[in-house]
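A.B. asks: Submitted below is the structure of interest, expressed as structure tokens.
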Amino acid sequence: MLTEVLVGMVQIVGIMLAISIALFISREALTTTLAQLRSRLQITGPVLVVLGIALLINRMMRQSEEDGIFRMTTAIRNLEGEFILIFQDFETTRLTAYFSFVYVYGYAYMLIFPAVAYFVLSNTRMFRRLLTAYTLNYLIGLSVYLLIAAYGPRQFFGDEMNTVLYDFGPEYQHVTQEVNRNTNVFPSLHTSLAATVGIFAFYTRSEYPYWFVVALILSISVIISTMYLGIHWAIDVVAGLALAAFCVWVSDQVVGRWTLSDIVDRTRETLDR
5 MLTEVLVGMV QIVGIMLAIS IALFISREAL TTTLAQLRSR LQITGPVLVV LGIALLINRM
65 MRQSEEDGIF RMTTAIRNLE GEFILIFQDF ETTRLTAYFS FVYVYGYAYM LIFPAVAYFV
125 LSNTRMFRRL LTAYTLNYLI GLSVYLLIAA YGPRQFFGDE MNTVLYDFGP EYQHVTQEVN
185 RNTNVFPSLH TSLAATVGIF AFYTRSEYPY WFVVALILSI SVIISTMYLG IHWAIDVVAG
245 LALAAFCVWV SDQVVGRWTL SDIVDRTRET LDR
């Protein structure tokens, strides 16, 4: 079943990416990128490797049976109250279909497309900043998960919540179980990564004005979907927004300050002394 769901997901996200590339990226930019592919990969290779390591760590943690040290579900519920249940007042079949699609397919699409769009820019710094911010989101988020274990609203309230992702599309659980655990809710990485994409879309609005509009709508939709579908508490979302802002800021501070050749040269100088 997982294979069938993943194949369907690849097809849908692939169609969305193909349409976006055709609409938002010029043929000249694609042609230039192909001609300079080797040099661009040499420049961006280190950040790609680091992101790959972060994703590998994320996968290893999902396979671990150990939860966070501190159980915080009740504390989060007591602090937040029943705010999350307000979304029950707006629940409709169409909204549930929309937010389910956005949470699964829209989220995957919005993480991939800006990486493609920024890779074809003449200056790769924005691409490297984006991937650095992705890496920081994962590493910091996973570090917090090692400390804090909490269940989301759908587990806490049970039958009191109607807008549950798996009730609408049971097949989605095969995908979400591959990328997350039930106790990994604080902070919301869906929120932090969606907000990260939204912030970068704002930074590149002059290069990609139409993508900025699409990214803004998708970012807000993904963030709302995490609460509408009962996956995250509002506190998780606030923490995710703070995490996004921090990761974007750090990426601006570190990317472009040093290159791989600079690090190698400095290391050699240190060893020669």
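Using this note's numbering, count along the sequence shown one by one with no gaps and you end on 277. We treat Cβ as the ideally placed atom computed from N, Cα and C, and that holds for glycine. These numbers come from a predicted model, not from an experiment.
Start and end of the alpha helix (DSSP H) containing H194?
C.D. replies: 193-207
A.B. asks: Say yes only if the C-beta of S126 is nearer than 8 Å to one or more non-hydrogen atoms of the ligand NAD, and no if none qualify.
C.D. replies: Within the structure as shown, the ligand NAD is missing, as the structure has no ligands at all.
A.B. asks: If V124 and A33 are in contact, beta carbons under 8 Å, what's the gap, nearest whole angstrom?
C.D. replies: 4 Å
A.B. asks: State buried or exposed for P213, treating a residue as buried only when at least 16 other CB atoms are found within 10 Å of its CB.
C.D. replies: exposed
A.B. asks: Quick one: any contact between the segment 129-142 and the segment 39-57, if contact means 3 or more CB pairs under 8 Å?
C.D. replies: yes
A.B. asks: Would I229 and V201 be called neighbours here (beta carbons separated by less than 9 Å)?
C.D. replies: For the sequence presented, residue 229 should be read as Ser rather than Ile. S229 places its beta carbon 9 Å or farther from that of V201.
A.B. asks: Between W237 and I90, how many whole angstroms is the CB-CB distance? I'm expecting something under 8 Å.
C.D. replies: Not a contact, Cβ separation roughly 12 Å.
A.B. asks: Can you find the residues in the same chain that come closer than 7 Å, C-beta to C-beta, to V254, ignoring five residues on each side of it along the sequence?
C.D. replies: Excluding residues up to 5 positions away in sequence, L140 lie with their Cβ nearer than 7 Å to the Cβ of V254 in the same chain.
A.B. asks: Quick one: Cα of Q159 to Cα of L245, how far?
C.D. replies: 23 Å
A.B. asks: Quick check: the Cα distance between A26 and V242, rounded to an integer number of angstroms?
C.D. replies: Approximately 35 Å between the Cα atoms of the pair.
A.B. asks: Starting from F216, follow the alpha helix (DSSP H) in both directions and report where the run begins and ends.
C.D. replies: 213-232
A.B. asks: Can you tell me where the alpha helix (DSSP H) holding S337 begins and where it ends?
C.D. replies: For the chain, the structure presents residues 5 to 277; residue 337 sits outside this window and is missing.
A.B. asks: At which residue ranges does the segment 20-61 contain complete beta strand (DSSP E) runs of 3 or more residues, listed in the order of the chain?
C.D. replies: none
A.B. asks: D11: buried (16+ other C-beta within 10 angstroms of its C-beta) or exposed?
C.D. replies: The sequence shown places Val at residue 11, rather than the Asp named in the question. The residue is exposed, with fewer than 16 neighbouring Cβ atoms inside 10 Å.
A.B. asks: Reducing DSSP to helix, strand and coil, say where F74 ends up.
C.D. replies: strand
A.B. asks: For G145, I'd like the list of residues in its chain whose CB is within less than 7 Å of its CB, leaving aside the five on either flank, ordered along the chain.
C.D. replies: The answer, listed in chain order, is P191, L193, S196, L247.
A.B. asks: What is the DSSP secondary structure of A121, counted as helix, strand or coil?
C.D. replies: helix
A.B. asks: G156 and I73: beta carbons closer than 9 Å?
C.D. replies: no
A.B. asks: Using three-state DSSP, classify Y155 as helix, strand or coil.
C.D. replies: coil
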